[in-house]
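Below is one structure; the comments refer to it alone.
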Amino acid sequence: MTESSTPPRPVAFSYPGHGPNADIGIAICHGFTGSPLSVLPWAEHLAAQGYAVTVPLLPGHGTHWRELAQTGWRDWFGSFEAAYLDLSARTSTCFVAGLSMGGAVALLTAARHKTAGVSIVNPGLSFYDRRVRVIGLLKFFHRTTIPIPEEHSTAPATEDGDYSRTPLAAVHELKKLFNATLRELPAVTAPVQVFKSVTDEVVPPTSLELLRARLRDRVTEVVELAGSGHVATLDVDAPEIFARSSEFFRDHARQSSPSETP
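If you use numbering that gives the first Met the number 0, the sequence shown corresponds to residues 0 to 261, in order.
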């Protein structure tokens, strides 16, 4: 196999910024069982415009489902929070962004820190499967389940490691993350931009409903994505996500006060 045909490995992404946007930071969080590869084109687009960008690889991700089973939501959140704080210390204005579970992580970060704004794609805060209500017990009887199939997505698959199974212990941690985020959403004061796929077989519409109910006028924009599935950052509507989020960051950076430092 030649070097050019070798698929990229799931590693963290970081760019220091350049030009007039170098003092604007954007911390992006990938989703559950995913890796920075799922948001890499987004990060690279923003980096090309001069923004300082960081996308950490969360613990238990980019390797094997067995490693994911040994981590918890506080590990995932703590890793992203540390990356955000490091970036905010190096920039005057810092935003958070995320895909799917990464949307919940970004929102929780905005609830606990003074971010300049939040841009999220198909944020997860709820589940389709009602069995998640008893996941705390179910995980003791069934160690794993198969990943949620997405039949209508045109997004290319990424090589995120072996997540051919989903550990139910990790799903339980995901539920805890969603609950913690929902509890703390009222503390979010930053403007929130949401991109939502019309057809999303992974995150139900109730996630957006919960977000709107708790944030109200802090949700400043909801962009419907007619042609993309769940991983919209790799799908046909990706250019719209990149362009409109960049506009959101630019506009709100002008209005924002200096970001928090650790």
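Beta carbons: idealized from backbone N, C-alpha and C, even for Gly.
Beta-carbon separation (whole angstroms), residue i vs residue j, contact threshold 8 Å
i	j	result
VAL193	GLU220	7 Å
LYS138	ALA103	The pair is not a contact, with the Cβ atoms about 20 Å apart (cut-off 8 Å).
GLY77	TYR50	About 24 Å; that fails the 8 Å criterion.
LEU124	PHE177	5 Å
Nearest to residue i (by Cα), restricted to the options the options
i	options	result
PHE126	ALA189, LEU173 and TYR14	LEU173
ARG262	GLU150, GLY61 and VAL54	Within the shown structure, residues of the chain are numbered from 0 to 261, placing residue 262 beyond reach of any answer.
SER244	SER118, ALA110, ASP22 and ALA82	SER118
SER87	LEU98, GLY102 and LYS113	LYS113
THR32	GLU150, GLY101, PRO238 and GLU43	GLY101
ILE134	LYS175, ASN121 and ARG111	LYS175
ARG253	GLY24, SER13 and VAL10	GLY24
THR165	PRO146, ALA156 and GLU150	PRO146
ALA189	ALA179, ALA110 and PRO148	ALA110
LEU36	GLU239, ALA11, ASP161 and VAL52	ALA11
Beta-carbon proximity of residue i to residue j, cut-off 8 Å
i	j	result
ALA225	VAL197	yes
ASP22	THR70	no
LEU67	SER34	no
HIS151	GLU80	no
TYR162	TRP72	no
Span of the beta strand (DSSP E) around residue i
i	result
LYS195	191-196
ALA186	It is not in any beta strand (DSSP E) - ALA186 carries neither H nor E in the DSSP assignment.
ALA51	51-54
SER37	Careful: SER37 lies outside any beta strand (DSSP E) and carries neither H nor E.
Span of the alpha helix (DSSP H), counted from its first residue to its last, around residue i
i	result
GLY24	First-last for GLY24: 23-28, but that is the beta strand (DSSP E), not the alpha helix (DSSP H).
SER206	205-214
Next item on the list: Only counting runs of 3 or more residues, tell me where the beta strand (DSSP E) segments fall wholly within the segment 69-105, in order along the chain.
Entry: 92-98
Checklist line | Those runs of the alpha helix (DSSP H) which lie wholly inside the segment 222-257 and span at least 4 residues | finding: 237-254
Next item on the list: Kindly provide the ranges of any beta strand (DSSP E) runs that are 3 or more residues long and lie completely inside the segment 113-180, ordered along the chain.
Entry: 117-120
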